[in-house]
Every structure is written in structure tokens, then in C-alpha cells.
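>
2 protein chains.
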Amino acid sequence: MTTTAHEFELLEHTWRDVTPPAARRMLIAAAAAFAGRGYHATTTRDIAAQAGMSPAAVYIHYRSKEDLLFQISRIGHRRALEMLTGVTETEPVARMAAAVKAFSSWHAEFHLTARVVQYELTALTPEHHAEVVELRREIESTVREMIEDGVAAGAFEVPDVRGAVLAVLSLCIDVARWYKPGGRRTPESIGTLYADLVLRMLSA
Amino acid sequence: MTTTAHEFELLEHTWRDVTPPAARRMLIAAAAAFAGRGYHATTTRDIAAQAGMSPAAVYIHYRSKEDLLFQISRIGHRRALEMLTGVTETEPVARMAAAVKAFSSWHAEFHLTARVVQYELTALTPEHHAEVVELRREIESTVREMIEDGVAAGAFEVPDVRGAVLAVLSLCIDVARWYKPGGRRTPESIGTLYADLVLRMLSA
């Protein structure tokens, strides 16, 4: 899989806060390479070449290829979590709809980063993996709280809350697998569709 | 990611019909390696070593590494399709529940094969990709027909049928990503949970 110019722009946007620019260019090159050929098939030399830098320059900013993956995974998970915690609605149904809309749209728009984040977890060191698992738990507990609040308020009817959390997150995350930029569905329209489907799942 | 003894047993089961035994051993070794480190990071030499054969022996049965991937993808998609077409129920609600149960359980039980099938599509040659896309269209149209029949019978209420097809398949397929053998949820219990959630999505 090759990365299109549009997809590079999206990666630029995803990683816009990373400084200095050389470190940012390397993260973008690494995310594109990991998404395209997989973590294990990518060398730091490939990443340096794609970033237009020398292989040695990578080690000024990152300890290793795994360190690049960890930064992508850590920042990627934080961004995804922010999609849920950034919701301002307080009424349970509106809150869940807004959260699902933001979270699923993010997985469409930033599908390359999201794929790396989801598919290369097992390549992290045990310490880095533990740190990312902590972020994943926060994502889960944020959604669980939203569902529990809705059940408590009588807005949702959910026989298996943990099962519903799993299904809601899975549905949104899998957008990163099938989404194609320029296809029939935009990130925005996926968000609208999924908010409706999730509210139905919760019998809102 | 290393493949456990239990996961090898499941791969043995998945590929039980492939003959001769040497060809089967190679497919199993290839599926485990592709699921573990990715297609691009795996060599035919790795596959031969894992199958306990010489690198030259691979070429007696398969034209190339890509040919191994194609066989895994083609047979994997056919098995997944059979989960949907093998349903004997005719009443729309019972039929959809049985199909979702079988399809999602399959993606749990055969998660290693399903991951390869879903994540390595872009590594296929254009001809092989086209053949697999045909099977994917059959999977989609089988589910679309089930939903349309239910809508026509007044059993489902679905504003966006194509959107619902996408979400139902995505939800079931993504089980292959998060499922862990020996975890809280068995393939059977995932099937039961997902059948209920999908019927809710379709307002059955």
C-alpha cells in the first residue's frame, strides 16, 4: 500500500504539535511506513529515507524504531481519548451520540495512524505496552461511564454494559480498517450513521 | 506476537481440508507468520523453517509467497461466507440472529486467519485482489438481502440499509482484532451478545 499525498496531509495534521520539525517528519514517515508495510517490515533506514534524513539523524530524536512506534501509539491513543472526553453535552443520549460521532469520525479521518495504533500493539516493549494499556482502560472506562449514566437515568436499556462498551468501541475503531478517503462515506457522515446505530444498540 | 500451541491447533482445524499434508503445513506456517509479524516481514524461508521443510519445498506447492497469501485469503473468505449462507432459519429475525452468531463466532475462533484475511488485502496481486473482492461482495450482498427481507417483512426498521450492512459486518469482523483465547468471552458468548446487539441496531 502506498500513501497518497492526501493521506500525508492528514498525517501532517495528526502530528502537527510534535517539535522540532525533524522529529515530526520522522514520526510522519514512520506512521506511513508502519501503516503501509507493517512495523516489522520497516527499518529505521526506510523511515530516515522517507523523511529525507540520514539514518543517524533518527537517533537524535528517538532511541529506536520501537520508540517511534511508542510515540505514535501514545499520542494516537491520547487523541482518540480526547474525542470522548472533549464532548460538552451532559444529557446521556446527546452525550453518547456526540462521543460516538467524534470517536468514529476520528478513526476515519486519521485511519493510517489508527491502524498503526491498533494493529502493532504487540510490537511494543512490556513497559510501553503497559502505558498504552492504561490509556486503553481510560477509553473504556469513559464509555462505560457514559453508558452507566444513561442506564441510571433510564435513557438506555442495556443488559450487558461491558459487552456494549466492547461493541461500541470495536465498531468505531474498525472504521480505520475499511475507511477509504474519497469513498462514498465521509468521516462526518460515518459519525452521524454510527451515532444513530449505537443509540439503537443501547435502546435509547 | 508468538503463536501459542492452542492457536496452532485452531489453524490446523481451519486448514484441515488442504491436501497434501505438506501443502497444509505450509499454509498453517504462513498464516501464523503473517498474523504474527505481517506479510511483508515474512520470507518464504521463514515459512519453510516453521513448517519444518526446505525453502525449495515451498515452491512445489505454491508459486510464491503471494500465492500462499492468496490461498489463505480465498479459503478464509469462503469459510466466512459459508457462516452466513449455512444458516437454515428462514424467519428474518431468527435468520439474522443465527447469521451474526455464526459469523462473529467464526471471527473469534479463527482470529489469526481472519486477521491475515482482513489486514493483508493490499499485498495481493491485482488479479487475486479482484477475485477476493468478488467474495467480499457476496458476503455483503448476503447480509444486505437478509436486512432487506426483514425490512420488507416489517421485522426490521432500517433508515440506511447499506450503512447497516457495513456496520454489522464491521462489528463482526473486528472481533478478530480484539479477541483473546482464554479471555472472559468465548466465541459462543460473543455470538450471543452480538446477535442481540445487531437485532437492536435493526430495531427488530
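In order, the protein sequence lines correspond to chains A and B. So in full-length UniProt numbering, spot 137 of the first sequence is number 137, and the numbers just go up one at a time. So in full-length UniProt numbering, spot 176 of the second sequence is number 176, and the numbers just go up one at a time. All C-beta atoms, glycine included, are put in the ideal place defined by N, C-alpha and C. Computed from a predicted structure; not experimentally measured.
Cutting at 8 Å between CB atoms, please list the residues of its own chain near G52 (chain A), excluding the five before and the five after it.
Here the question's residue 52 (chain A) lines up with position 52 in the first sequence. Result list for G52 (chain A): R25, in chain order.
> Between the beta-carbon of I139 (chain A) and the beta-carbon of A80 (chain A), is there less than 9 Å?
By one-based count along the first sequence, residue 139 (chain A) stands at place 139. By one-based count along the first sequence, residue 80 (chain A) stands at place 80. Cβ atoms of I139 (chain A) and A80 (chain A): closer than 9 Å.
> Between which two residues does the alpha helix (DSSP H) harbouring S141 (chain A) extend?
Taking the first residue of the first sequence as 1, we reach residue 141 (chain A) at position 141. Start and end: P126 to A152.
> Give the residues from the stretch 117 to 145 of chain A that approach chain B closer than 7 Å (Cβ to any Cβ), ordered along the chain.
Within the stretch 117 to 145 of chain A, the residues whose Cβ lies closer than 7 Å to some Cβ of chain B are Q118, Y119 and T122, listed in chain order.
> Could you run through the stretch 163 to 180 of chain A and flag, in chain order, every residue whose CB is less than 8 Å away from some CB of chain B?
Per Cβ criterion, the list reads G163, A164, L166, A167, S170, L171, I173, D174, V175, R177 and W178.
> Output the boundary residues of the alpha helix (DSSP H) element that contains F65 (chain B).
The residue labelled residue 65 (chain B) in the question sits at position 65 within the second sequence. Correcting the residue identity first, residue 65 (chain B) is Lys in this sequence and not Phe. K65 to T85 is the extent of the alpha helix (DSSP H) around K65 (chain B).
> Could you pull out every residue in the same chain whose Cβ sits closer than 7 Å to the Cβ of Y39 (chain A), ignoring the five residues on either side in sequence?
The residue labelled residue 39 (chain A) in the question sits at position 39 within the first sequence. Excluding sequence neighbours, Y39 (chain A) sits near L69, E120 and A123.
> Less than 7 Å between C-beta atoms, sequence neighbours within five positions excluded: which residues of the same chain meet that for T125 (chain B)?
Position 125 of the second sequence, counted from the start, is the residue given in the question as residue 125 (chain B). If we look at T125 (chain B) and ignore the five residues flanking it on each side, its Cβ neighbours are E66.
> Quick check on the DSSP output: what are the complete alpha helix (DSSP H) runs of length 4 or more inside the stretch 6 to 69 of chain A, in order along the chain?
The stretch 6 to 69 of chain A contains these whole alpha helix (DSSP H) runs: 21 to 37, 44 to 51 and 55 to 61.
> Distance check for A57 (chain A) and R45 (chain A), CA to CA, integer angstroms please.
Within the first sequence, numbered from 1, the residue matching residue 45 (chain A) stands at position 45. Within the first sequence, numbered from 1, the residue matching residue 57 (chain A) stands at position 57. Rounded to whole angstroms, R45 (chain A) to A57 (chain A) spans 10 Å at the Cα level.
> Note down the Cα distance separating residue 213 (chain B) from G154 (chain A), rounded to an integer number of angstroms.
Chain B is shown only over 1 to 204; residue 213 (chain B) falls outside these bounds and no answer can be derived.
> Any beta carbon from chain A within less than 9 Å of M96 (chain B)'s own beta carbon?
Numbered from 1 along the second sequence, position 96 holds the residue referred to as residue 96 (chain B). Judged by the 9 Å Cβ criterion, M96 (chain B) is not in contact with chain A.
> With 9 Å as the threshold, decide whether the Cβ of residue 216 (chain A) is near any Cβ in chain B.
A query on residue 216 (chain A) cannot be resolved here, the shown segment of chain A reaching from 1 to 204 and no further.
> Rounded to whole angstroms, what's the CA-CA distance from R5 (chain A) to R95 (chain B)? Just pull it up for me.
Here residue 5 (chain A) refers to the residue found at position 5 when the first sequence is read from its first residue. Here residue 95 (chain B) refers to the residue found at position 95 when the second sequence is read from its first residue. A small correction: the amino acid at residue 5 (chain A) is Ala; Arg does not occupy that position in the sequence shown. If you take the alpha carbons of A5 (chain A) and R95 (chain B), they lie about 44 Å apart.
> Between R200 (chain A) and chain B, is any beta-carbon pair separated by less than 9 Å?
On the first sequence, residue 200 (chain A) is found 200 positions in, with the first residue counted as 1. Closer than 9 Å: yes.
> Identify whether D196 (chain B) lies in helix, strand or coil by the three-state DSSP scheme.
Your numbering for residue 196 (chain B) matches position 196 in the second sequence. If DSSP states are grouped into helix, strand and coil, D196 (chain B) belongs with the helices.
> In or out: H111 (chain B) buried (at least 16 other Cβ within 10 Å) or exposed?
Reading the second sequence from its first residue, position 111 is the one you call residue 111 (chain B). Answer is buried; the Cβ neighbour count reaches 16.
> With a threshold of 9 Å between beta carbons, is P92 (chain B) in contact with chain A?
To locate residue 92 (chain B), count along the second sequence from 1; it is residue 92. For P92 (chain B), the answer is no, since every Cβ of chain A falls outside 9 Å of its Cβ.
> Which chain A residues sit within Cβ distance under 9 Å of A41 (chain B)?
For the purposes of this step, residue 41 (chain B) is taken as the residue at position 41 of the second sequence. Those within 9 Å of A41 (chain B) in chain A are R37, G38, Y39, H40, A41 and T42.
> Tell me, please, whether the stretch 194 to 203 of chain A touches the stretch 3 to 22 of chain B by the rule of three or more beta-carbon pairs shorter than 8 Å.
Too few Cβ pairs lie closer than 8 Å, so no.
> For L11 (chain A), would you say it is in contact with chain B, using Cβ-to-Cβ distances shorter than 9 Å as the test?
Within the first sequence, residue 11 (chain A) is the residue found at index 11, counting from 1. Chain B, which has no Cβ nearer than 9 Å to the Cβ of L11 (chain A), makes this no.
> Cβ of G191 (chain A) within 9 Å of Cβ of V100 (chain A)?
Position 191 of the first sequence, counting from 1, holds the residue named residue 191 (chain A). Position 100 of the first sequence, counting from 1, holds the residue named residue 100 (chain A). It is a contact, given that the beta carbons lie within the stated cut-off.
> What's the C-alpha gap between E109 (chain B) and P187 (chain B)?
Against the second sequence, residue 109 (chain B) aligns to sequence position 109. Against the second sequence, residue 187 (chain B) aligns to sequence position 187. Computed Cα separation, rounded: 6 Å.
> Indicate the three-state DSSP secondary structure (helix, strand or coil) for Y179 (chain B) in the structure shown.
On the second sequence, position 179 is the one that residue 179 (chain B) refers to. Three-state DSSP puts Y179 (chain B) in coil, outside helix and strand.
> So for R115 (chain A), helix, strand or coil by DSSP?
As a working note, residue 115 (chain A) is residue 115 in the first sequence. Of the three classes helix, strand and coil, the one that applies to R115 (chain A) here is helix, per DSSP.
> When DSSP labels each residue in this structure, what does T88 (chain A) get in the three-state scheme?
Walking along the first sequence from the start, residue 88 (chain A) turns up at place 88. Coil.
> Does DSSP put S203 (chain B) in a helix, a strand or coil?
One-based indexing of the second sequence puts residue 203 (chain B) at position 203. Reduced to three states, the DSSP call for S203 (chain B) is coil.
> Going by beta-carbon coordinates alone, are F156 (chain B) and V87 (chain B) separated by less than 9 Å?
The residue labelled residue 156 (chain B) in the question sits at position 156 within the second sequence. The residue labelled residue 87 (chain B) in the question sits at position 87 within the second sequence. No, these two residues do not count as a Cβ contact at 9 Å.
> Run down chain B in chain order and give the residues with a C-beta less than 9 Å from the C-beta of S203 (chain A).
For this step, residue 203 (chain A) is matched to residue 203 along the first sequence. The answer, in chain order, is R200.
> Around the C-beta of I47 (chain A), are 16 or more other C-beta atoms found within 10 angstroms, so that it is buried, or is it exposed?
Residue numbering aside, residue 47 (chain A) sits at position 47 when the first sequence is read from its first letter. Per the 10 Å Cβ criterion, buried.
> So A31 (chain B) packs on H61 (chain B), CB below 8 Å; how close in whole Å?
What you label residue 31 (chain B) is simply residue 31 of the second sequence in a count that begins at 1. What you label residue 61 (chain B) is simply residue 61 of the second sequence in a count that begins at 1. Actually they do not touch by this definition, with Cβ atoms about 14 Å apart.
> Identify which residue in B:A97, B:T90 and B:E131 has its Cα closest to the Cα of Q71 (chain B).
One-based indexing of the second sequence puts residue 71 (chain B) at position 71. Among B:A97, B:T90 and B:E131, the Cα nearest to that of Q71 (chain B) is on B:E131.
> Ordered along the chain, which non-local residues of its own chain (more than five positions away) have a Cβ less than 7 Å from that of S189 (chain B)?
Stepping through the second sequence from its first residue, residue 189 (chain B) is reached at position 189. None.
> In three-state DSSP terms, what is P159 (chain A)?
By 1-based counting over the first sequence, the position of residue 159 (chain A) is 159. The answer is coil: DSSP assigns P159 (chain A) none of H, G, I, E or B.
> What's the call for Y179 (chain B), buried or exposed, on a 16-neighbour Cβ count within 10 Å?
In the second sequence, counting from the first residue as 1, residue 179 (chain B) sits at position 179. Y179 (chain B) comes out buried.
> Can the beta-carbon of L171 (chain A) be found less than 9 Å from the beta-carbon of S105 (chain B)?
Indexing the first sequence from 1 puts residue 171 (chain A) at position 171. Indexing the second sequence from 1 puts residue 105 (chain B) at position 105. Not a contact, by the Cβ cut-off of 9 Å.
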